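Using the numbering used here, count along the sequence shown one by one with no gaps and you end on 541.
Below: one structure, written as structure tokens.
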Amino acid sequence: MNDNDIEPGEYGWCSPDATCAHEYILPPVMTRIEDLYHGKPVRVLDIGCGNGYVASRLAQKGHSVLAIDASHDGIRIARSSYPDVRFEVRSLYEDDLEKIVCQPVDCVIALEVIEHLFYPRRLFEQSYRVLRPGGYFILSTPYHGYLKNLAISLINGWDRHCKVDWD
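Now the structure itself:
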């Protein structure tokens with residue numbers, strides 16, 4: 375499959391397997407959730423769950439997980455691969471997220487998502503709406519390394535939307 379074959383609402387997910395990002399992000403996220411909640415199971419919303427891999431690992435640890443993504447292909451793979459987790463095709467730009475979640479969650483995670491958003495502020499607004507008082511929001515974004523980031527900056531190579539002041 376190439377980029378020209380991807381339909382709207384599809385992002386090229388073709389496997390339920392861990393990606394290289396999952397391999398390095400998941401261990402610290404699991405540790406952080408364990409530390410924050412002292413090992414007790416909690417309600418988690420995984421925003422931008424992709425193929426469902428992270429959500430499935432959280433569910434294996436006993437957490438109640440609702441996972442959303444705008445990717446039809448990712449959710450299709452997630453539902454067939456991890457039937458014990460609730461997956462929904464949803465966009466952060468929809469106003470009904472609170473209805474889908476039903477009751478406040480203890481933790482919202484958004485791993486490697488914010489850099490894909492046209493309106494990143496919406497991620498924070500939606501997360502705040504669904505978190506219970508005292509809940510936690512765990513966010514990750516790619517770090518390419520100091521030298522690569524410096525080189526991109528020196529040649530003004532960042533995409534227009536990667537500026538902190540655009541939204």
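Just so it is clear, CB atoms sit at the ideal spot from N, CA and C, and this is done for glycine as well.
Computed from a predicted model, the values in this text were never measured in an experiment.
Cβ contact annotation for residue 506 (same chain, cutoff 7 Å, sequence separation greater than five): 478, 479 and 480, in chain order. For residue 461, the number of other beta carbons within 10 angstroms of its own is at least 16, and it is reported as buried. In this structure, residue 426 keeps its C-beta atom at 8 Å or more from the C-beta atom of residue 457. DSSP, read as helix, strand or coil, puts residue 481 in strand. Sequence-distant Cβ neighbours of residue 501 in its own chain, meaning closer than 6 Å and more than five residues away, are 482 and 511. Look at residue 468 here: in three-state DSSP terms it is coil, with no helix or strand label.
With a beta-carbon spacing of about 14 Å, residue 440 and residue 466 fall beyond the 8 Å limit used to define contacts. Cβ neighbours of residue 503 within its own chain (closer than 6 Å, five residues either side excluded): 472. About 5 Å separates the beta carbon of residue 459 from that of residue 433, a gap short enough to meet the 8 Å contact definition.
With contacts defined by Cβ atoms closer than 8 Å, residue 422 and residue 487 form a contacting pair.
Of all alpha-carbon atoms in 476, 518, 464 and 468, the one lying nearest the alpha-carbon of residue 489 is that of 518. Residue 437 and residue 469 have their C-alpha atoms some 25 Å from each other. In the three-state reduction of the DSSP assignment, residue 511 falls in the strand class, which pools E and B. Our two residues, residue 508 and residue 529, have alpha carbons roughly 42 Å apart in a direct line. Assigned with DSSP and collapsed to three states, residue 461 falls in strand. DSSP, reduced to helix, strand and coil, places residue 440 within a strand of the structure shown.
Relative to residue 463, the option among 443, 395 and 411 whose CA is nearest is 443.
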